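In what follows, a structure is listed as C-alpha cells, so that the remarks can point back to it.
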Amino acid sequence: MEKYYITTPIYYVNDAPHIGHAYTNIVSDVIARFMRLENKEVLFLTGTDEHGQKIERTAQKNKIKIQDFVDQNTHKFRALVKLLSISNDDFIRTTELRHKNIVVSFWQKLVDSGNIYCDYYEGWYSVTDEAYYNESELKNGLAPTGSKVEFIKEPSYFFALSKWQDKLLDFYKKNPYFIYPNSKYNEVISFVKSGLQDLSVSRTTCNWGIKVPNDNEHTIYVWLDALINYISAIGYPNSEKYRNFWPANLHVVGKDIIIFHAVYWTAFLMAAELKLPKSIIAHGWWLNEGQKISKSIGNIIDPFKLAEEFDVEYIRYFLIREIKLGSDGNYSRDNLISRINNELINKIGNLVQRVVSFIYRNKAIITLLDDDIISNIYEYELIKNLVSFTAKLEKKIKRFEIHEILNYIVLFAQESNIFIEQEAPWVLKKTDPTKTLKILTVLLESIRYIAILLQPFIPCFAEKILDQIGVSKLHRKFQHLTKDYIIVPFYCNNSNTIEPKPIFIKINDVN
Ligand code: MSP
C-alpha cells in the first residue's frame, strides 16, 4: 500500500485555539481523508509547540509553573482536534522525551557536519513571532507582521544557512510543485535570492527549551526544536515508521510560516543529509468580518463557541467552501448561515430527501427491476458528467484543489435537482413505471457519487447519506465510483423500510 505522511504545524500553547488553528486542522484532515479514500496508508500528525520565550513569558505573567501551563493548554488543542473530527494518528508535544532526545541528536548531526558554529548575535527579535529580523525588514520599528521587536545582543550558535542558498534555489527549480500555491513558491524563491544570512539557533536569554548539548548556557532556538517534530514523531533515525513514512508527502502550514518550512527546515534537512518533504501548502488567513483577528481587538473566533451554535460539520463545510486554498478569507456569520442553508440544505439535503422519500412512498414501482435499466444509466448526461469528473479526481487531489472539488459537488447536486424537475417522476410513474425506475436509479447513482465525494469534508453527514441509500460500508472508496457498484432502488433498503428523515437541519437564524 502506498504510504502518505501529512502534518499540520504544531500549535503554540500560549493561547487558546481559534478559528485559524481550526482551519489548518480541517484543511489537513480533508486531505488526509482524501488520501485514505484513494487507498493510501496515511499517517497524519499534529501536536503542540511548547517551548520558547513566548510561552515562558506568558506562563510567568500568569504566575503558573511553565510545565503546568503547557500541560493545561495542550489539552485545549487536543480537545479542538476531537471537536472537529480530525482523523490524526498521532499528537506530539515538544516537551515529550521522545522529541527532546531526537532534537539533541539532530543538533549533533548538524554540528558534526560542520553546519553549526558559535559566534555572537546582535539584532532584532520578535518574541510573538519567535523570529529574527534584519534592520531592513522592520517597518516603523515593528516586525513585518506588525509584532513588537526587541534588540538583543548575546552569544549564539549559528546554522550556516548562507551556504545552502544555491542548493535551495536549485532544488526549488527542479521541484516546481514543492510549494503551493504558486504565488508562495515565487515569494520563497525571491526571499532566498535576496540573500540568506546564517541563522541564530540558540538563545541564552531563554531558559524554557532544550539545552544545547554540552553547553547549558544555551537553549536551542524554538523553531529548530519545533520543526524536528516532523521526524521525532516517527522515531528518526532507526524506526520502521521513519523508514516507511519519511520523507513527508505534505506539510500543511499557514502563509505566515512558509519561510520557516520551505527555507529553514529544507536547509536543515539538506545539511543533515535527509530526504526532503515532497510538498508544502501555504494556506491563507482568516479575517473576522474584514478585520485581522487579534486578541487586542477582541475579535477572536472561538471554535468551541461556534460549535455550540452550529454543527461541527457545518463549520468544516463552510471553512473549506468559503475560500480557495491559499487565499485569505473573511469569516462572516451571515455567510456561514447562507452557505449552509442554500447549498448543504437546499441543494444536497433536498436532493437526497426528495429521492429517498419518493422511493419510500412508491415501493410498488421499485420492485420492477431489470438489468437493462442499470446498463442504460451511464448514458445519461448527469452520470456522464460525474464519470468524467471522477476521471480527473486524482489529478485534482494531487494539486490540492479541494475547494474546487467541493464546488463541483454542489454543482452536481444542483444539476440533479434540475433533472428531477425535468423528468418529474411523480407524473411519469402513472404512465411509464420502467422509465420512472430508470430516473430514480440515475438519481441514486448521482447521490452515491456526491456522498462518496463528500466524505472527506463532512464525514458523518456523508456516512448518513450512504447508509440511507444502502451503500455497503465496504464500497465507499473512490475505486467504487464505477458502474459495478451502482445502487438500484430495489436494494436501497433503508429507504424501503424506514421512512427517511432529512439528514441536514436548516439553520434558523434567531440572532
Ligand atoms: N508553533 C508554530 C508552528 C511550528 S510548526 C513546526 C506556529 N504556531 S501557531 O499556533 O502560531 O500557528 C499555527 C497555525 O495556525 C499556522 O499554520 C498559522 O498560519 C495558523 N493560523 C494562525 N492564525 C491564523 C488565521 N487567522 N487564519 C488562518 N490560519 C492562521 O506558528
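If you read the sequence shown in this note's numbering, its first letter stands for residue 14, the second for the next number, and so on.
Backbone N, C-alpha and C fix where the C-beta goes; we use that ideal spot for every residue, glycine too.
Being a predicted model, the structure only gives us computed values, none of them experimental.
Minimum C-alpha distance to residue i - residue among the options
| i | options | result |
| --- | --- | --- |
| I471 | K408, D103, Y255 and L332 | L332 |
| I19 | H264, T403, E322 and F273 | H264 |
| H88 | S215, Y25, I32 and I478 | Y25 |
| S459 | I422, L50, I410 and E321 | I422 |
| I99 | C473, H416 and K161 | C473 |
| S160 | Q178, Q73, S139 and K176 | S139 |
| K408 | I39, E51, S41 and N38 | E51 |
| N114 | A239, K305 and L457 | A239 |
| W221 | I465, Q73, C131 and I499 | Q73 |
Start-to-end residues for the alpha helix (DSSP H) that takes in residue i
| i | result |
| --- | --- |
| N257 | E253 to F258 |
| N398 | E394 to K411 |
| D81 | I79 to L96 |
| Y243 | N242 to S245 |
| V26 | Taken as a continuous stretch (DSSP letters only), V26 belongs to no alpha helix (DSSP H), as it is neither H nor E. |
| S207 | That residue, S207, is in no alpha helix (DSSP H); it is neither H nor E in DSSP. |
Exposure of residue i, with buried meaning 16 or more beta-carbon neighbours within 10 Å
| i | result |
| --- | --- |
| N153 | exposed |
| V368 | buried |
| D497 | exposed |
| C219 | buried |
| M14 | exposed |
| S169 | buried |
| S213 | buried |
| Y190 | exposed |
| Y133 | exposed |
| F232 | Just to set this straight, residue 232 is Thr in the shown sequence, not Phe. Buried. |
| L487 | exposed |
| L110 | exposed |
| D81 | exposed |
| I452 | buried |
| Y157 | Checking the sequence, you will find Pro at residue 157 rather than Tyr. Looking at its Cβ environment, which holds fewer than 16 other Cβ atoms inside 10 Å, P157 is exposed. |
| G127 | exposed |
| Q210 | exposed |
Proximity test, residue i beta-carbon vs the ligand MSP heavy atom, cut-off 6 angstroms
| i | result |
| --- | --- |
| W120 | no |
| W298 | yes |
| V266 | yes |
| H493 | no |
| G33 | yes |
| L56 | no |
| L287 | no |
| D62 | yes |
| P22 | yes |
| T108 | no |
| T444 | no |
| T71 | no |
| Y25 | yes |
| D269 | yes |
| A426 | no |
| L97 | no |
Residue i - partner residues in DSSP beta bridges
| i | result |
| --- | --- |
| S292 | L263 |
| C131 | Y170 |
| N343 | L300 |
| W439 | Partner(s): none; W439 has no beta bridge. |
| F164 | W137 |
| K152 | L155 |
| D228 | V225 |
| S215 | I233 |
| Y145 | Y138 |
| I350 | Per DSSP, none; premise fails for I350. |
| I192 | I293 |
| K305 | L300 |
Opening and closing residue of the beta strand (DSSP E) in which residue i lies
| i | result |
| --- | --- |
| S33 | The residue you asked about is not Ser; residue 33 is Gly in the sequence shown. From DSSP, G33 is part of no beta strand (DSSP E) but of the alpha helix (DSSP H) over I32 to L50. |
| E15 | Note, E15: premise wrong, no beta strand (DSSP E); not H, not E. |
| A284 | Here A284 belongs to no beta strand (DSSP E); instead the alpha helix (DSSP H) covers T279 to A284. |
| L58 | E54 to D62 |
| H274 | Here H274 belongs to no beta strand (DSSP E), and DSSP marks it neither H nor E. |
| F104 | D103 to R106 |
Test: residue i CB closer than 7 angstroms to a CB of chain C
| i | result |
| --- | --- |
| Q492 | In the displayed structure, chain C is absent; only one protein chain is listed. |
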